[in-house]
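Going by our numbering, the residue at position 196 of the sequence shown is 716; the numbering climbs one at a time, nothing skipped.
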Amino acid sequence: MNFTPNGLNSGSNMNRVGQKSQHGRSEKPHDDDDEDGMSDLNLRNLSKLILPPLGVSSYNQNQNESKGRVISPVDSRYRCWETLMVLLVAYSAWVYPFEVAFLSSSPKRALYIADNVIDLFFAVDIVLTFFVAYIDHTTQLLVRESSKIAKRYSSTWFLMDVASTIPFEAVVFLFTGKYQVGTSYSLLGLLRFWRIRRMNQFFTRLEKDIRFNYFWVRCARLLSVTLFLVHCAACLCYLLADRYPNEGKTWIGASNPNFRETGLGIRYISALYWSVTTMTTVGYGDLHAVNSVEMMFIICYMLFNLGLTAYLIGNMTNLVVEGTRRTMEFRNSIEAASNFVCRNHLPPRLKKQILAYMCLRFKAESLNQQQLIEQLPKTICKSIGQHLFLPTVENVYLFKGISREILLLLVADIKAEYIPPREDVIMQNEAPEDVYIIVSGEIEIIDCDTDQKERVVGTLHSGDMFGEVGALCCRHQSFTYRTKTLSQLLRLKTNALIEAMQTKQEDNLTMFKNFLQHHKKLKDLSIGDLLLDSGGEDGDLNMSMNLLTVASTGNAAFLDELLKTGLDPDIGDSKGRTPLHIVASKGHEECVLVLLKHACNIHLKDIDGNTALWDAIAAKHHSIFRILYHYAATSDPYIAGDLLCAAAKRNDLTAMKELLKQGLYVDSKNREGLTAIQTAMVENYKDMINILVMNGADVNNANEKDFPTVNLNEMLQKREVGHRIIVPDMIPDEVLLRRHEVEQECCNWVRSNGLCYPRVSIYKGHPVVRRDTCCTQAGRLIRLPNSLEELKNIAGEKLGFDARTILVLDEGGAEIDSIEVIRDNDMLFIVEDS
């Protein structure tokens, strides 16, 4: 499983597009200005994205919006409030040490009022924090529950925030009516430095915002820290000199004995100068420590600075480099991408797509999901996939009703991806390589016409699937699929889907039925337009499997559409079974007619030597057998003999009975000139011989001595009592009518394709007399008419007989009294009735 985003990938679900189907597309083209505006908005909001958990479809869909009493931390209005608070923190961090050091003797009323107003703002911020959602550092998910927010804030920073906000000077003023600034108040005021953590959070956020230059943000951060430390040190150094009893024995009093009478600006600049020279350890010139208090402070300060510097250089270097390495690489890659776009003159929309993808990948990698998964064994990875993705996959329309075994196979091959907004997931006319399932977000279906104008066909939502039409029909994608919002997708390779479908035939059929039903059996989807010549061995293999599978489902309409695209109706599977074998064995009569209409070969055999006719009779699908037999007899005069001999050779008593019930002539000869009784006697199948003899099989050429286990005389005696023990099924009138319609349809198709009707040869004279006299008089080859009377009229005209006085005999001399028993290429003998 891969949990990194893949927004640069080069599928169509047409029933979940609202009111816009393929035949009713929206003609509203994209407005380039609106699209660019949307892209700019998306880029501005990339720093606010909070990735949803894997496999969750409805989490945090409106993460940028505040709902009810809970405030989103990425809400634009709250971000403005945070920026204001950062400015107030910067002001208070600079003013407080300045007030304590330089204004302790002459406090300014305006500054105290400003401080109290600022404290009021921070008090309001404390109240707001009880309603601001937070990101759980363990799960990296947004927590919006009010009780959890209040509990977390109360147990962490609440007390410190309150302590840093209490205006101690104002409280004293309320009770005494005077502004008093003493050492105790100054120490309590140090709590205000707790607010500086907001500055750190602010600069951290700016470093990851691609709208600002990373180098200058880092420089501004370091410069701010340096100036703040220099300012605080200058104020503290001046405070030591100002509070020392003997002002002449101080670092500033040694050079300026009346420094208190000097202007405020000069004193502040002198303090900054002393602070900078001390912190940079460049030595002292005119300003240096004079009294013991200053010396002790500088000794402690420099010793502390040595240890602190050594510690920071050793540890902070590793932390800063490691902590900012990914950010630096990210910003370097952003800069390289921008240069690449400018150098190659790529359009602005493509530039925004590239930057959005890189930002999303940076956020996804920070979760360390992929690194964690790669460290786990395969069994645990499968369990994780089942827990995260199985509930989503089993609710997709294509996989409803299939076995859990196939679902687990699919989930094991699925990869989760985060795709940024306005990203093309599948391009129009792209090869069908992947199938996608939407976990969260929205996907637009876009059609590009010949003028390169984009039209929105529809929108897909959570739980929808796209790319499956191209995969199952093995054709190029018909539309472009583009993310409308931040989307989490599950990607499945087409090959993996096909392999899973072929694992179990039952699930294969179920998925195709789901596919056909989802698309309303071609009412909303023109499969004929979708199925084009794929080309290549892999494409042909997929198409053949699809053709065989559709045949198994019995959907004649879909099968007809597939065959209209030029697919071979005689394509077979690994066992040599063609679509006709499958539909004949399953009893799909309408599919049989469709295959016959597309000129399938009904004489093909599978690896077991079975034809579609055999499969139909073996499965007792009598109507299908009669259709195929009627059609096969027009081109193969030995079809009856082949079927009877096959049943006799296999000793298949059930099949033999079914064939005889369908009215097949028991003494029909196969291609080798053998009858079923001869074949059964060669194989010495007693039960088979008994069935054939009792149904009138000719045993004149059989020698009982050659078959000691067969008592022909006994069989013949029984046959005298009941000649034919297997009577053809009585067919209802409506079945006969349907059979006639089907046969007529087949005959019409034969006629329209230039094929011949059944033909027979007619000869003058009795067959026995002609053999005895070795008569060589030529006969006449005629088309078999539709009735026996018409046959007699034709024979009388051709051979010079009176049609009212002639008889029609077969090769054995038996009189023929029905046209139905005559087959293609039969030899008929015409004699006068004496």
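Think of the CB as a built atom: it goes at the ideal place given N, C-alpha and C, for glycine as much as any other residue. None of these values were measured; they are calculated from a predicted model.
Could you give the DSSP three-state label for I1342: helix, strand or coil?
As a working note, residue 1342 is residue 822 in the sequence shown. Looking at I1342 - three-state DSSP - the assignment turns out to be coil, as it is neither helix nor strand.
Would you identify the three-state DSSP class for M947, choosing helix, strand or coil?
Within the sequence shown, numbered from 1, the residue matching residue 947 stands at position 427. Looking at M947 - three-state DSSP - the assignment turns out to be coil, as it is neither helix nor strand.
For V955, report the span of its alpha helix (DSSP H) as first-last.
As a first step, residue 955 must be located in the sequence shown, where it is residue number 435. Here V955 belongs to no alpha helix (DSSP H); instead the beta strand (DSSP E) covers 954-960.
When you compare only the Cα positions, how much space is there between E1340 and L1308?
If you number the sequence shown from 1, residue 1340 lands on position 820. If you number the sequence shown from 1, residue 1308 lands on position 788. Roughly 9 angstroms between the two C-alpha positions.
Does DSSP put C1120 in a helix, in a strand, or in coil?
Residue numbering aside, residue 1120 sits at position 600 when the sequence shown is read from its first letter. Looking at C1120 - three-state DSSP - the assignment turns out to be coil, as it is neither helix nor strand.
Determine the closest residue to A951 out of D1330, A643, G1216, T1014, with distance taken between C-alpha atoms.
What you label residue 951 is simply residue 431 of the sequence shown in a count that begins at 1. Out of D1330, A643, G1216, T1014, T1014 has the C-alpha closest to the C-alpha of A951.
Which residue spans inside the stretch 1173-1212 form an unbroken beta strand (DSSP E) run of at least 3?
Runs found: none.
Check S1007 in the structure and name its three-state DSSP category.
For the purposes of this step, residue 1007 is taken as the residue at position 487 of the sequence shown. Residue state, collapsed to three classes: strand.
Can you tell me where the beta strand (DSSP E) holding Y938 begins and where it ends?
For this step, residue 938 is matched to residue 418 along the sequence shown. Unbroken beta strand (DSSP E) run through Y938: 935-939.
Can you look up L1079 in the DSSP assignment and give me helix, strand or coil?
Stepping through the sequence shown from its first residue, residue 1079 is reached at position 559. Three-state DSSP puts L1079 in a helix.
Look up G978 in the DSSP assignment and give the residues it is bridged to.
Counting from 1 along the sequence shown, the entry for residue 978 is found at position 458. I965.
Spell out the partners DSSP gives R1002 in its beta bridges.
Against the sequence shown, residue 1002 aligns to sequence position 482. D944, E964, per the DSSP bridge assignment.
When the Cα of D944 is compared with those of H808, S903, R712, L1009, which residue comes out closest?
Translated into positions along the sequence shown, residue 944 becomes position 424. Nearest C-alpha to D944: L1009.
Could you tell me the alpha carbon to alpha carbon distance between S612 and L792, rounded to whole angstroms?
The residue labelled residue 612 in the question sits at position 92 within the sequence shown. The residue labelled residue 792 in the question sits at position 272 within the sequence shown. Whole-angstrom Cα-Cα distance: 19 angstroms.
Considering F722, what are the terminal residues of the beta strand (DSSP E) in which it resides?
For this step, residue 722 is matched to residue 202 along the sequence shown. Careful: F722 lies outside any beta strand (DSSP E), inside the alpha helix (DSSP H) at 717-727.
Residues in the same chain with beta-carbon distance under 7 angstroms from A1016, minus the five sequence neighbours each way, listed in chain order, please.
One-based indexing of the sequence shown puts residue 1016 at position 496. The answer, listed in chain order, is D933.
Is the stretch 598-614 in contact with the stretch 640-656, if contact means three or more CB pairs nearer than 8 angstroms?
With a cut-off of 8 angstroms, the stretch 640-656 and the stretch 598-614 count as touching, because enough Cβ pairs lie within range.
Check whether the stretch 914-932 touches the stretch 1021-1032, taking contact to mean three or more Cβ pairs, one atom from each stretch, closer than 8 angstroms.
Judged by Cβ distances under 8 angstroms, the stretch 914-932 makes contact with the stretch 1021-1032, as three or more pairs qualify.
Where does A1166 land, buried or exposed, given buried means 16+ other C-beta within 10 angstroms?
Within the sequence shown, numbered from 1, the residue matching residue 1166 stands at position 646. By the 10 Å Cβ count, A1166 comes out buried.
Hey, out of I1302, A1334, H751, R715, whose CA is closest to P1287's CA?
For this step, residue 1287 is matched to residue 767 along the sequence shown. Closest by alpha carbon: A1334.
Ordered along the chain, which non-local residues of its own chain (more than five positions away) have a Cβ less than 8 angstroms from that of I1326?
Locating residue 1326 in the sequence shown gives position 806, where the first residue counts as 1. Here the set comprises K1312, A1315, G1316, I1350, V1351, E1352, D1353.
With burial defined as no fewer than 16 other Cβ atoms inside 10 Å of the residue's Cβ, what is the status of Q873: buried or exposed?
Walking along the sequence shown from the start, residue 873 turns up at place 353. Buried, by the Cβ-count rule.
For D1135 versus L1173, is the C-beta distance shorter than 8 angstroms?
Your numbering for residue 1135 matches position 615 in the sequence shown. Your numbering for residue 1173 matches position 653 in the sequence shown. No, the Cβ-Cβ distance between D1135 and L1173 is not below 8 angstroms.
Any idea what DSSP makes of R589, helix, strand or coil?
Stepping through the sequence shown from its first residue, residue 589 is reached at position 69. Reduced to three states, the DSSP call for R589 is coil.
Determine the DSSP secondary structure at R869, reduced to helix, strand or coil.
As a first step, residue 869 must be located in the sequence shown, where it is residue number 349. Note: R869 maps to helix in three-state DSSP.
On the DSSP letters alone, give me the boundaries of the beta strand (DSSP E) that Y1283 sits inside.
By 1-based counting over the sequence shown, the position of residue 1283 is 763. From DSSP, the beta strand (DSSP E) with Y1283 extends over 1279-1284.
Would you mind sorting K1140 into buried or exposed? The rule is 16 or more other CB atoms within 10 Å of its CB.
As a working mapping, residue 1140 is identified with position 620 in the sequence shown. Classification for K1140: exposed.
Assign S667 to one of three DSSP states: helix, strand, or coil.
Residue 667 sits at position 147 when you count from the first residue of the sequence shown. Note: S667 maps to helix in three-state DSSP.
Quick check on I655: buried or exposed, where buried means 16 or more other Cβ atoms within 10 Å of its Cβ?
Your numbering for residue 655 matches position 135 in the sequence shown. Counting Cβ neighbours within 10 Å, I655 comes out exposed, since fewer than 16 surround it.
Answer yes or no: do I965 and G978 have a C-beta to C-beta separation smaller than 8 angstroms?
In the sequence shown, the residue the question calls residue 965 occupies position 445. In the sequence shown, the residue the question calls residue 978 occupies position 458. A contact, by the Cβ cut-off of 8 angstroms.
If you run the structure through DSSP and keep just helix, strand and coil, what is I1350?
On the sequence shown, residue 1350 is found 830 positions in, with the first residue counted as 1. Note: I1350 maps to strand in three-state DSSP.
In this structure, what does DSSP give as the bridge partners for M985?
The sequence position of residue 985 within the sequence shown is 465, counting from 1. According to DSSP, M985 bridges with I957.
Anyone know if the C-beta pair for L930 and A1020 falls short of 8 angstroms?
Here the question's residue 930 lines up with position 410 in the sequence shown. Here the question's residue 1020 lines up with position 500 in the sequence shown. Yes; because the gap between Cβ atoms is below 8 angstroms, this pair is in contact.
If you run the structure through DSSP and keep just helix, strand and coil, what is V1219?
If you number the sequence shown from 1, residue 1219 lands on position 699. Three-state DSSP puts V1219 in coil, outside helix and strand.
So the beta strand (DSSP E) L927 belongs to, where does it begin and stop?
In the sequence shown, the residue the question calls residue 927 occupies position 407. Segment 924-932 is the alpha helix (DSSP H) holding L927; no beta strand (DSSP E) there.
Counting beta carbon pairs with one atom in the stretch 764-777 and one in the stretch 731-750, are three or more of them shorter than 8 angstroms?
Segments in contact, no.
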